[in-house]
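Below is one structure, written out as structure tokens, with a few remarks after it.
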Amino acid sequence: MSSRMWALSKSFLFSPGRAAKDCTDDKNLAPCFWIYAAFTLGTMLFFALKPFDFPDQNAPYPREAQTLMFWFKVMLWQPPLEAAWIAFLLGLVVWFRRGSLPVRLTSAVAWTAVPFILMAVYAAAGKPGAGCSHLDMAAIPPACYEPLARAAREIRLAKWAMLLGAAVWIGLFVPLWRRLARTEVVPAITFMLGVNAVGVAMLAPMILATSLRSKGFFMASQAAGGFWILGCATLGLRQLTGLRLPRAFMAVLLSMFFQIALAFTLHLLGLVPKDILKALLYA
């Protein structure tokens, strides 16, 4: 198993097209899963040991200690978000498979914007007005009763709107998922699990940057890892699905935005704590 993981990891890092071909073989699903597990475990250990004020020396002291247990709780959310990313990606593969690229791209971008618009509306809701914000609940002046009650109603309505909106923008994927065959789904899952080999590889420069306390090196390593995963996923998806490169690229990129939108939506609905969300986005 370990030798197979090593061989696949090298393919993912340097020849994603060949890795995609390997992922059509069901026997590579298990090694790719363990690559993903290694990425999750390595990330958890790295951030648990990394000083909280690096690379941002002005970072406020965290409300919850950045212990191994904290990062374990963070990583519990990683698998469902990874699954969501793959699901969104598969739906967008079907979406971009046919039709005019400008039309499909414009529609997909508008679709991706919907959850962010809903979140902006939610964030703007419930403003009680000047003089009634940040009050001690035990000393609310009578003049603020009505503004605060109105703000609470607005927040409830905005939360319901965001929940129903999420059901709609996620529900639009359902007819696309129904067009997928198992022969498409399993190789894509295998590949997207294995592409986390890039994340494992990027732990090395991030550890070095942390030991050197080099903020620039650390940020560059994170950025390089993100672009590397984006590039590898695009090339692999083109090989797996036959999509042209621009369509494959947009499918990968927009699926990332949908994944981020889902994470924020879960937070605003009260399911993911703020500290967990920040850690997920940072990691």
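Per our numbering, residue 1 is the first one in the sequence shown, and the count goes up by one each step.
Cβ atoms here follow ideal geometry from the backbone N, Cα and C, with glycine treated the same way.
- Residue burial annotation: Asn58 is exposed, with fewer than 16 other C-beta atoms found within 10 angstroms of its C-beta.
- Here the segment 26-36 makes contact with the segment 184-196; the two share three or more CB pairs at distances below 8 Å.
- Uninterrupted alpha helix (DSSP H) stretches at least 4 residues long and entirely within the segment 29-53 occur at 29-49, given in chain order.
- Exclusion of the five residues before and after Ala279 leaves Val74 as the residues of its chain whose Cβ lies within less than 6 Å of its Cβ.
- The way I'd put it, the segment 176-184 doesn't touch the segment 199-208; fewer than three beta-carbon pairs between them come closer than 8 Å.
- Along the length of the segment 69-126, whole alpha helix (DSSP H) runs at least 4 residues long occupy 78-96 and 101-124, reported in chain order.
- Per DSSP, reduced to three states, the secondary structure at Met256 is helical.
- Around the beta carbon of Thr241, a 10 Å sphere encloses 16 or more other beta carbons of the protein chains shown; the residue is thus reported as buried.
- Rounded to whole angstroms, Met256 and Leu81 show a C-alpha spacing of 10 Å.
- For a cut-off of 8 Å, the C-beta gap from Lys159 to Leu269 is around 7 Å, short enough to register as a contact.
- Pairing Ala261 with Pro115, the inter-Cα distance amounts to about 6 Å.
- For Ile229, the number of other beta carbons within 10 angstroms of its own is at least 16, and it is reported as buried.
- DSSP places Phe227 inside the alpha helix (DSSP H), whose first and last residues are Lys215 to Thr241.
- Within 10 angstroms of the beta-carbon of Asp22 lie 16 or more other beta-carbons, which makes it buried.
- The closest CA to that of Ala283, considering only Met1, Arg18, Thr265 and Phe46, is found on Phe46.
- Put simply, the backbone Cα of Phe52 is about 33 Å away from that of Ser2.
- Taking 8 Å as the cut-off, the Cβ atoms of Ala223 and Leu13 do not count as close.
- Annotation: Phe249 to Arg150 spans about 45 Å, alpha carbon to alpha carbon.
- Residue environment analysis places Met44 among the buried positions, since at least 16 neighbouring C-beta atoms fall within 10 angstroms of its C-beta.
- By the Cβ neighbour-count rule, Arg238 is buried, with 16 or more other Cβ atoms within 10 Å of its own.
- Sequence-distant Cβ neighbours of Asp26 in its own chain, meaning closer than 7 Å and more than five residues away, are Val186.
- If you look at Arg244, you'll find it isn't in any alpha helix (DSSP H); DSSP assigns it neither H nor E.
- Under the three-state reduction of DSSP, Leu271 is assigned to coil, being neither helix nor strand.
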